[in-house]
Amino acid sequence: MKKNTVLLKDAKTWAKRWRKEEGDYNKHHKLKAFLIPKVDLQEVLTEGIDAARAYIGIDNNGVERLMIVGTKYDEKTGNYIDMITADPTNEVLTDGDIYDFTRPCPSACDPDSPLNK
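In structure tokens form, the structure reads like this:
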């Protein structure tokens, strides 16, 4: 098994736990996953990041979104720090980007995936 991979049986359990069939996490919505295009992952990787952090949100149309920001490791604190900086009002980014390039599943699903069963 490769580093940082998950066994299929564990992934299936975790996915079911998220869905309303098992557990309370996502019981009011049908979100199963996010489709992330390769080109968009490459874009965030070009920022010279040490890792990426994903935030889950809901847009103005009620659609679930996965927002990804690049992070840098801070040796002093031992934390990964988001590589985004805002102006004093916290409304406009002055450095870094927040990527929203995902499409939620449903509708961007693989109906034959073992993780959807």
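Start counting the sequence shown at 1276; every next residue gets the next number (our numbering). No residue lacks a Cβ here, since even glycine has one placed at the ideal position from N, Cα and C.
Sub-8 Å separation of M1358 and T1377 beta-carbons: no
Between the C-alpha atoms of F1309 and S1382, what's the straight-line distance to the nearest angstrom? 10 Å
Can you grab the Cα-Cα spacing for the pair V1281 / R1328, in whole Å? 19 Å
Looking only at its own chain, which residues have a Cβ that is under 6 Å from the Cβ of D1375, when we skip the five neighbours before and after it? R1340 and M1342
Please list the segments of the alpha helix (DSSP H) lying wholly inside the region 1299-1360, counting only runs of 4 or more residues, in order along the chain. 1313-1320
Collapsed DSSP secondary structure at L1379 in the structure displayed: Per the sequence shown, residue 1379 should be read as Pro rather than Leu. P1379: strand per DSSP, three-state reduction.
Give a yes or no on whether the C-beta atoms belonging to P1389 and K1287 are separated by under 8 Å. yes
Just to confirm, is the Cβ distance from L1316 to P1379 under 8 Å? no
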